[in-house]
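Its first residue numbered 20, the sequence shown is counted upward by one per residue in our numbering. Idealized CB from N, CA, C, for every residue including glycine.
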Amino acid sequence: MEQREVTDQEGTSWTCVQAFAGVSGALAEKAKELSEDKNHKVPVVCTPRGGAQSVRLELANDWLQELKDEELISAIAKAQREQ
């Protein structure tokens, strides 16, 4: 399972994974296909260490490789404000 870790300005470490990331093989491809929307966005769940609530994001399907840490932290902060 691929994941990314980022730390926000408050020192909270977040671990982010794409929904269905634990599925492998043909099931993984089908899950990815089903979860990706028409704008090529996928659901991502970011879980903090130390008390904050997990957030669910919709990010571009290449978020693991292409999204900058600052952009991911910004998306997490926005999702927290909207909860």
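Item	Value
Rounding to the nearest angstrom, what Cα-Cα distance links Asp-88 and Val-74 in this structure?	16 Å
Suppose contacts are defined by Cβ-Cβ distances below 8 Å. Is Lys-61 in contact with Gln-99 by that definition?	The sequence as given places Val at residue 61; Lys does not occur at that position. Against a cut-off of 8 Å, the Cβ pair of Gln-99 and Val-61 comes out as no contact.
For Arg-75, report the span of its beta strand (DSSP E) as first-last.	74-79
Pop quiz: Leu-76 and Cys-65 are said to be a contact at Cβ under 8 Å. What is the actual Cβ separation, rounded to whole angstroms?	6 Å
In the structure shown, what three-state DSSP assignment does Gln-99 receive?	helix
Could you tell me whether the Cβ atoms of Trp-33 and Glu-21 are closer together than 8 Å?	no
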